[in-house]
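Asks:
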Amino acid sequence: MSKKISTEDVKHVAHLARLAITDEEAEKYSEQLSSIINFSEQLSEVDTSNVKPMTHVLDMKNVFREDEPKDWITKEEALKNAPDQADGQFRVPSILE
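The sequence shown begins at 162 in the numbering used here and counts up by one.
The following block contains the structure:
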């Protein structure tokens with residue numbers, strides 16, 4: 162089933178998108194869009210009953226490390242080199258008035 166995108170359709174969409182196109186461009190785009198639609202219709206005819214659905218065209222896998230608890234530095238160790246601290250927290254200049 163071959164579908165043809167008319168030049169009127171192309172001009173209408175161009176108008177909605179506020180694009181100025183010539184009659185020659187409208188004819189060119191009409192042919193190109195019709196070709197794309199016809200190709201996508203060919204793809205829908207392919208038997209995919211034995212094809213496993215996928216979420217991505219590439220074989221994606223998690224490359225992150227496992228999330229395992231570790232011993233980290235204490236609050237006191239983190240604050241010992243702080244230029245300014247108060248009540249166990251870093252003090253920074255105020256950015257809001």
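Just so it is clear, CB atoms sit at the ideal spot from N, CA and C, and this is done for glycine as well.
Using a Cβ-Cβ cutoff of less than 8 Å, which residues in the same chain neighbour residue 219 once the five nearest sequence positions on both sides are dropped?
Replies: Around residue 219: no qualifying Cβ.
Asks: Measure from the C-beta of residue 254 to each C-beta in chain C and report whether the shortest distance is under 8 Å.
Replies: In the structure shown, chain C cannot be found, because there is only a single protein chain.
Asks: If you run the structure through DSSP and keep just helix, strand and coil, what is residue 181?
Replies: Three-state DSSP puts residue 181 in coil, outside helix and strand.
Asks: Let's see if you can read the secondary structure: which residues bound the alpha helix (DSSP H) around residue 164?
Replies: Counting along the chain, residue 164 falls outside any alpha helix (DSSP H), and DSSP gives it neither H nor E.
Asks: State the CB to CB distance for the pair residue 205 and residue 168, rounded to an integer number of angstroms; the pair is presumed to be in contact (CB under 8 Å).
Replies: Wrong, their Cβ atoms sit about 25 Å apart, outside the cutoff.
Asks: Shortest alpha-carbon distance to residue 197 belongs to which of 214, 242, 182, 166?
Replies: Comparing Cα positions, the closest option is 166.
Asks: Using DSSP with H/G/I as helix, E/B as strand and the rest coil, what is residue 225?
Replies: The answer is coil: DSSP assigns residue 225 none of H, G, I, E or B.
Asks: Taking residue 238 as part of the alpha helix (DSSP H), name the residues at either end of that continuous run.
Replies: Segment 236-240, the alpha helix (DSSP H) holding residue 238.
Asks: Where DSSP assigns a beta bridge to residue 251, which residues make up the other side?
Replies: BP columns for residue 251 point to 246.
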